[in-house]
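**Q**
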DNA sequence: ATTCGATATGTTTAACCGTACATAACGAAT
DNA sequence: ATTCGTTATGTACGGTTAAACATATCGAAT
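Chains as they are written, first to last, in my numbering: chain A, 24 to 144; chain B, 24 to 144.
(1) Measure from the alpha carbon of residue 134 of chain B to the alpha carbon of each residue in A:131, A:137 and A:114, then state which is nearest.
(2) Of all the options A:112, A:131, A:139 and A:121, which has the alpha carbon lying nearest to the alpha carbon of residue 27 of chain A?
(3) Which term fits residue 136 of chain A, buried or exposed, when burial requires 16 or more other beta carbons within 10 angstroms of its beta carbon?
(4) Between the stretch 77 to 85 of chain A and the stretch 100 to 109 of chain B, are three or more C-beta pairs nearer than 8 angstroms?
(5) To which residues does DSSP link residue 37 of chain B through a beta bridge?
(6) Use the C-beta contact count for residue 61 of chain B: other C-beta atoms within 10 angstroms, 16 or more gives buried, fewer gives exposed.
(7) Which residues bound the alpha helix (DSSP H) around residue 125 of chain A?
(8) Any idea what DSSP makes of residue 88 of chain B, helix, strand or coil?
(9) Check whether the Cβ atoms of residue 123 of chain B and residue 127 of chain A sit closer than 7 angstroms, and answer yes or no.
(10) Quick one, which of A:91, A:24, A:71 and A:45 has its alpha-carbon nearest residue 117 of chain A's?
(11) Interface residues of chain A around residue 49 of chain B at Cβ under 7 angstroms?
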């Protein structure tokens, strides 16, 4: 299975309310948190400052009225973070939207690319 | 026919090359130019400075290797602008992608909305 | 030659946004 | 009590971006 190309193609930004949106950045962040188990590690993996990562998460938690990311401080594992059931649902839904949208516009995307000049880097 | 909601919903950003992208802003700009016949008028209609509008157009013209917008200076009509055949194609393709993507993700979008708290503005 | 609104372009200013830096709290384990 | 890496939060700095402002040019018509 060939991995999805994340540098080019269609990017989806879901605007739930005028001030509430979910795009590739937040989705990737959720995914990284799921994989790494920590906000800090996710941020590092994405080249994003911890503060920014935390801010985005806080924003999502507030927007959805319920946390998408749960956190723990201190302790044996020195604290960490993970996705709540809602967080997992949101991530899954977003990825599915990406897939479906990508499939739906494949033809037009190809046609659009044909209009581009030959690349000679 | 109910007009499309442009404040919420899915927004599509097509990344052709790492530095070449087409999103809602440029698409709307192309459409406004088609309708108004002028860069300046299009900018005014969108609350966008002439300079920014012109810059975006120039960017597109360069990116696609051929102009999407043609312009004339001076003369009886004091100059103006319009879409080239390529420009029309690009706009049409983008709108079609929006439509198809929107249709494709309708279900997930609804599910995602259900996760949002009731809005009490 | 003047006038019109539009294109074309440069320069300066202001605002925003994210990073960098700094600090405190956390709590299980030792 | 100390230590660990992390969460949590505030403040200052820097870079990017768009807006604001300023000209210059265009060319048909008068």
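In this text, a Cβ means the ideal position worked out from N, Cα and C, and glycines have one as well. Note that the coordinates shown come from a computational prediction; the quantities given were computed from them, not determined experimentally.
**A** So, from the listed chains and residues:
(1) Distances from the CA of residue 134 of chain B to each of A:131, A:137 and A:114 were compared; the closest alpha carbon is that of A:114.
(2) Of A:112, A:131, A:139 and A:121, the residue nearest in Cα terms is A:121.
(3) Flag for residue 136 of chain A reads exposed.
(4) No, they do not touch.
(5) Residue 37 of chain B is bridged by DSSP to A:33 and B:45.
(6) With at least 16 other beta carbons inside 10 angstroms of its own, residue 61 of chain B counts as buried.
(7) Per DSSP, the continuous alpha helix (DSSP H) segment holding residue 125 of chain A begins and ends at 108 to 127.
(8) DSSP places residue 88 of chain B in coil when its eight states are reduced to three.
(9) Residue 123 of chain B is a Cβ neighbour of residue 127 of chain A, given a cutoff of 7 angstroms.
(10) Of the listed residues, the one whose Cα sits closest to residue 117 of chain A is A:45.
(11) At a beta-carbon threshold of 7 angstroms, none of the residues of chain A lie near residue 49 of chain B; the nearest stands roughly 12 angstroms away.
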